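Presented below is the structure to which this report refers.
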Amino acid sequence: MKIAVCIKRVPDSETRVKIAADGKSLDEAGVKFILNPYDEFAVEEALQRKEQAGSGEVVVIALGPAAAQETIRTALAMGADRGTLLQADRIPADGLAAATALAAELKGGGYDLILFGKMAIDDYNHQVGPMVAELLDLPCVTTVAHLEIEGGKGVAEREIEGGLEVVEFPLPAVLTTDKGLNEPRYPALKGIMAAKKKPLDVKPAALGAGRMEVVAMTPPPDRKEGKIVGEGGAAVAELVRLLREEAKVL
Amino acid sequence: MARGEGRGERFVPANYQPLLPTDRLVLKEGSEGAGDRMELDVLIVGAGPAGLACAIELAQLAQRDGTEVDIGVLEKAEALGEHSLSGAVVNPRAFRELFPDLKDADFPFRGPVKRERVCLLTGRRAFTLPTPPTMHNAGNYIASLSEIVRWLGERAAALGVNVFTGFPAASLLMDEQRVAGVRTAASGLDRDGRPLANYMAPNDLVAKVTVLAEGTRGALAQAWLDRQGVSSENPQIFALGVKEIWETKRPLDMIVHTLGWPLPADAFGGSFMYPLEPNLVALGLVVGLDYGEAGLDVHELFQRMKLHPLFRGYLEGGEMVEWGAKTIPEGGYYSVPARRSGDGVVILGDSAGLVDVPSLKGIHYAMQSGMFAARAILTSLKSDDMSAARLAEYDRLVNSSFIMKDLYRTRNMRLAFKDGFYVGGLKAAVMTATGGRIPGWKIAMARDADVPRRLTPRLRPGSVTPDGRLTFSKVDGVFKSGNATRDTIPVHLVVGKDVPLTAAEFYARMCPAGVYEVTQGTLRVNAPNCVDCKATDVLGPRWLPREGGSGPKYKRM
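Chains A and B supply the protein sequences, listed in that same order.
At position 53 of the first sequence (counting the first as 1) the number is 53 in the numbering used here, and the numbers step up by one without a gap.
At position 514 of the second sequence (counting the first as 1) the number is 514 in the numbering used here, and the numbers step up by one without a gap.
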């Protein structure tokens with residue numbers, strides 16, 4: 001089974017994000033970058049599929065700056081076989097521009113499965129996976145929380161509002177992975193050592209034309225200060241009154 | 001819970017402190033229980049300034065020599081620098097020696113010290129003192145140790161060093177007298193020690209030479225010294241520092257040190273305030289752990305300190321963006337272990353006590369000790385002789401260097417303060433004037449845990465109610481340290497049996513991270529709060545390495 005996993009380098013969710021002087025990008029100084037957590041599910045799933053099949057190859061592809069090689073190394077340390085960086089100084093705001101570059105790289109690769117995280121935690125776009133599927137003319141199942149593959153066919157479960165949806169699809173296919181699909185492994189010491197020697201290609205990204213531009217970013221408004229109504233049972237009546245009349249939540 | 005002693009009496013922390021669990025910290029090489037086993041030439045425990053300078057120097061020397069040396073560095077923090085905390089004003093000499101081709105401007109410093117001020121504080125006022133000669137900082141640089149460590153780590157990796165972050169060394173592997181390597185901590189265990197889905201077994205890393213650069217109060221270094229019966233003239237003593245980074249409205253253009261208030265007269269310590277940028281200020285309070293009043297709380301004293309006009313003037317309207325805590329080995333010359341080398345092992349930096357308190361410096365000694373170790377190790381490797389006799393070259397290099405010369409000059413200065421601040425200050429002045437020749441003997445010190453504490457009812461030096469703007473609770477602090485340790489992690493602190501309420505309350509006051517809490521007369525241990533400052537290991541429950549990536553995530557400490 002040959003599987004491609006497309007991954008993204010994103011700021012750590014615990015990072016205190018600052019907006020750069022231009023007012024429309026992040027100030028990257030001192031920011032720690034990680035492998036997008038949803039992509040970890042995709043990498044883990046690919047590794048488990050390959051282990052189950054007993055043979056195959058897991059290829060990780062990232063689009064981003066030179067520093068994204070570190071992100072690829074993380075996936076290689078988890079167990080992926082080789083990596084490719086499509087180098088671009090900036091990840092384009094238009095998902096289609098990124099998807100075009102990724103699709104060009106994936107085309108003719110002979111992959112049985114192409115996996116993405118369901119979204120990147122920095123832009124929340126959920127776009128690139130489905131766009132790549134469209135560009136490659138492949139079926140696409142998003143937010144996969146459970147997966148069975150047998151022969152040339154797959155069955156995926158998706159957690160949707162209020163229930164579960166079961167989808168059947170033929171291979172090859174593009175899937176985007178959700179939390180709950182698996183428990184991503186930590187890179188082991190041996191894996192980290194081995195990752196240094198695994199092949200990692202770097203080539204310029206053939207980005208598609210972008211038709212979107214980020215014009216402004218603003219931090220969320222400061223949270224309003226809390227109020228201590230009082231103490232003990234006597235305060236309950238006042239609290240209920242305030243929740244009703246001021247907060248209007250009751 | 002029984003009351004150990006009555007109020008108004010004295011209590012000795014050592015009476016309730018468990019012994020160092022050497023049976024867990026030292027294992028026989030080849031013991032069962034490990035997953036993978038890997039071999040390296042040189043294994044360095046701890047990616048701090050000492051360990052990384054050692055790795056860089058060794059890689060550079062080997063490269064120049066045409067020798068291939070496989071070097072690995074284990075670091076317990078999830079990423080480089082996240083467990084590193086210092087003031088810091090750095091003496092650049094070790095940087096210059098390690099990187100002869102670079103200029104000062106290339107180093108990861110924030111800027112040179114331009115002006116400095118030393119103040120004696122009272123509750124309301126600040127009196128400028130003449131700067132003591134040991135505290136002159138002309139030619140030194142303001143820096144963040146987290147940033148220094150990140151930079152050094154990148155240099156090491158570029159030289160081919162394997163830097164493994166997120167892998168704590170949990171036990172020393174010994175083959176008779178020889179250190180054979182370490183076993184890493186397991187990860188993915190639940191509170192009761194049962195494996196979870198993402199469980200990872202410990203790994204054994206074996207090496208020809210193991211370098212212990214764990215930093216302050218190193219667990220493996222302690223265990224090795226204990227097993228080998230290596231002692232020092234005085235026991236090592238420690239201070240606890242609590243530090244915050246602030247984005248301020250008002251710029252700061254000099255480094256400031258203070259003495260006096262809010263510390264009680266029988267506690268040794270002081271504060272620092274350094275501008276990383278004009279409006280990005282690092283400040284902290286350091287207090288010796290031999291303080292007399294059991295109710296003293298360093299975190300709260302620090303919070304109270306910020307209410308002083310001197311600090312308030314800079315901080316008001318600003319925002320506290322990072323918080324952290326760390327102990328410092330303060331014993332100086334007489335507390336350095338008689339030898340810091342043995343069969344297959346050397347001990348560096350803070351783990352060896354290479355800190356000079358009167359000048360508030362340790363980073364350049366740590367780096368320099370790493371560079372000396374690298375030179376001794378390369379000679380050993382080339383002669384295929386990793387014996388204690390051969391590695392003793394490292395001790396010789398340190399002993400004949402400026403490190404021990406500096407420590408010798410100020411050998412009694414910190415020790416003089418065991419009699420209190422004012423007497424100590426006078427004695428220290430005389431020592432400075434005479435180049436350390438007075439007194440002509442060694443001032444003997446007790447272990448911090450052996451110092452009796454007064455139990456004065458209701459006396460809680462430092463008590464303050466946090467306002468969330470200028471002053472913060474311990475829980476606020478832990479949050480700002482970036483600590484996101486999983487709640488279900490096994491407890492890594494070894495608490496003594498039948499701890500009386502007095503000791504439990506003492507732990508609760510002493511720990512800056514709120515790990516210990518007394519609720520309804522019982523000691524509660526909130527282990528995930530721990531930021532690995534090691535104060536607990538000095539005065540109370542023992543600290544053991546835990547799952548990789550736990551603890552704080554310092555960015556600019």
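Glycine residues also receive a C-beta, built at the ideal position from the N, C-alpha and C atoms.
The structure displayed is predicted, hence computed values, not measured ones.
- Message: Tell me the rounded alpha-carbon separation between F109(B) and I148(B).
- Response: If I take the Cα positions, the gap works out to 7 Å.
- Query: Does the stretch 364-373 of chain B come within contact of the stretch 87-100 of chain B, defined as at least 3 CB pairs closer than 8 Å?
  - Reply: Short answer: they touch.
- Message: Once DSSP output is grouped into helix, strand and coil, what is the label at M1(B)?
- Response: Residue confidence is low: M1(B) scores 43 on pLDDT, short of 50, so the model does not pin down where it sits. No coordinate-derived value is stated.
- In terms of residues, what are the limits of the alpha helix (DSSP H) holding D406(B)? Boundaries of the alpha helix (DSSP H) around D406(B): 402-409.
- Task: List the endpoints of the continuous beta strand (DSSP E) containing E247(B).
- Result: Counting along the chain, the beta strand (DSSP E) containing E247(B) begins and ends at 238-247.
- Task: Closer than 8 Å by C-beta to E5(B): which residues in its own chain qualify, once you throw out the five before and the five after it? Chain order, please.
- Result: At E5(B), the pLDDT of 45 sits below 50, so the modelled position is not reliable; the number obtained from the coordinates is stated separately. Here the set comprises F11, L455, P500, T502.
- Task: Inspect the beta-carbon positions of T210(B) and K534(B) and report whether they are closer than 8 Å.
- Result: Result no, Cβ atoms of T210(B) and K534(B) do not sit closer than 8 Å.
- Task: Starting from L172(B), follow its DSSP beta bridges and name the residues at the other end.
- Result: Partner(s): V26(B), V182(B).
- Answer yes or no: does any C-beta atom of chain A fall closer than 8 Å to that of N203(B)? Yes, N203(B) lies at the interface with chain A (some Cβ there is under 8 Å from its Cβ).
- Continuous beta strand (DSSP E) stretch holding S271(B): start and end: That run of the beta strand (DSSP E) goes 269-277.
- Across which residues does DSSP place N162(B) in a beta bridge pair? According to the DSSP secondary-structure assignment, N162(B) is paired through a beta bridge with G72(B).
- In the DSSP assignment, what are the bridge partners of S463(B)? Beta-bridge pairing links S463(B) to no other residue.
- Express the C-alpha separation of E148(A) and G129(A) in angstroms, rounding to a whole number. G129(A) and E148(A): Cα-Cα distance of roughly 20 Å.
- Item | Cutoff 6 Å; reference E159(A); Cβ partners in own chain excluding five residues on either side | Spatial neighbours of E159(A) in its own chain (CB-CB distance under 6 Å, excluding positions within 5 residues in sequence) are listed in chain order as A145.
- Identify the residues that DSSP records as bridge partners of E168(A): which are they? V155(A).
- Task: Can you check the stretch 90-153 of chain B for any beta strand (DSSP E) of at least 3 residues that lies completely inside it and give the ranges in chain order?
- Result: Complete beta strand (DSSP E) runs here, min 3: 116-121, 126-129.
- Can you tell which of W224(B), P452(B), I142(B) has its C-alpha closest to the C-alpha of V346(B)? Among W224(B), P452(B), I142(B), the Cα nearest to that of V346(B) belongs to W224(B).
- Let me know if R181(B) comes out buried or exposed under the rule of 16 or more other beta-carbons within 10 Å of its beta-carbon. Here residue 181(B) is Gly; the residue named in the question, Arg, does not match the sequence. Under this definition G181(B) is a buried residue.
- Own chain residues within Cβ distance below 7 Å of V26(B), not counting five before or after: Sequence-distant Cβ neighbours of V26(B) in its own chain, meaning closer than 7 Å and more than five residues away, are S171, L172, M174, A223, R227.
- Please classify N198(B): is it buried, with 16 or more other beta-carbons within 10 angstroms of its beta-carbon, or exposed? The residue is exposed, with fewer than 16 neighbouring Cβ atoms inside 10 Å.
- Within 10 angstroms of its Cβ, does A4(A) collect 16 or more other Cβ (buried), or is it exposed? That one is buried.
- Enumerate in chain order the residues of its own chain whose CB-to-CB distance from N182(A) is below 7 Å, with the five nearest sequence positions on each side excluded. Closer than 7 Å at the Cβ level, and outside the excluded window around N182(A), lie F41, E44, E45, Q48.
- For N198(B), does the three-state DSSP call read helix, strand or coil? Three-state result, N198(B): strand.
- Query: Below 8 Å, can you find three or more Cβ-Cβ pairs linking the stretch 250-266 of chain B to the stretch 98-118 of chain B?
  - Reply: The answer is yes - the stretch 98-118 of chain B touches the stretch 250-266 of chain B, with three or more Cβ pairs under 8 Å.
- Item | Residues of the stretch 26-60 of chain B whose Cβ lies closer than 7 Å to any Cβ of chain A, in chain order | Within the stretch 26-60 of chain B, the qualifying residues are D36, M38.
- Go ahead and pull the three-state DSSP assignment for V141(A). Assigned with DSSP and collapsed to three states, V141(A) falls in strand.
- Query: So with Cβ pairs under 8 Å, would you call P556(B) a contact of chain A?
  - Reply: The sequence as given places Arg at residue 556(B); Pro does not occur at that position. It does: the Cβ of R556(B) has a partner Cβ on chain A nearer than 8 Å.
- Query: For the stretch 215-228 of chain A against the stretch 100-108 of chain A, are there 3 or more C-beta pairs whose distance is under 8 Å?
  - Reply: No, the stretch 215-228 of chain A is not in contact with the stretch 100-108 of chain A.
- Mind checking if M193(A) is an interface residue toward chain B, Cβ cutoff 8 Å exclusive? Answer yes: the Cβ-Cβ gap between M193(A) and chain B drops below 8 Å somewhere.
- Task: Using a Cβ-Cβ cut-off of 8 Å, state whether E14(A) counts as contacting chain B.
- Result: Interface residue, yes.
- Task: Whole angstroms is fine: what's the gap from A2(B)'s alpha carbon to V495(B)'s?
- Result: Because the pLDDT of A2(B) is 44, which lies under 50, any placement of that residue in the model is unreliable, and the question is left without a value.
- Y516(B) - DSSP class collapsed to helix/strand/coil: In this structure, Y516(B) counts as strand in the three-state DSSP scheme.
- For the stretch 5-17 of chain A against the stretch 56-73 of chain A, are there 3 or more C-beta pairs whose distance is under 8 Å? The answer is yes - the stretch 56-73 of chain A touches the stretch 5-17 of chain A, with three or more Cβ pairs under 8 Å.
- Less than 8 Å between the CB atoms is what I'm expecting for A77(B) and T131(B), so what's the real figure, rounded? Not a contact, Cβ separation roughly 35 Å.
- Task: Name the residue from V430(B), A449(B), L212(B) whose alpha carbon lies nearest to the alpha carbon of Q17(B).
- Result: Taking only the C-alpha atoms, the option nearest Q17(B) is A449(B).
- Query: Going straight from the alpha carbon of L307(B) to that of L196(B), what length do you get?
  - Reply: Taking the straight line from one Cα to the other gives about 46 Å.
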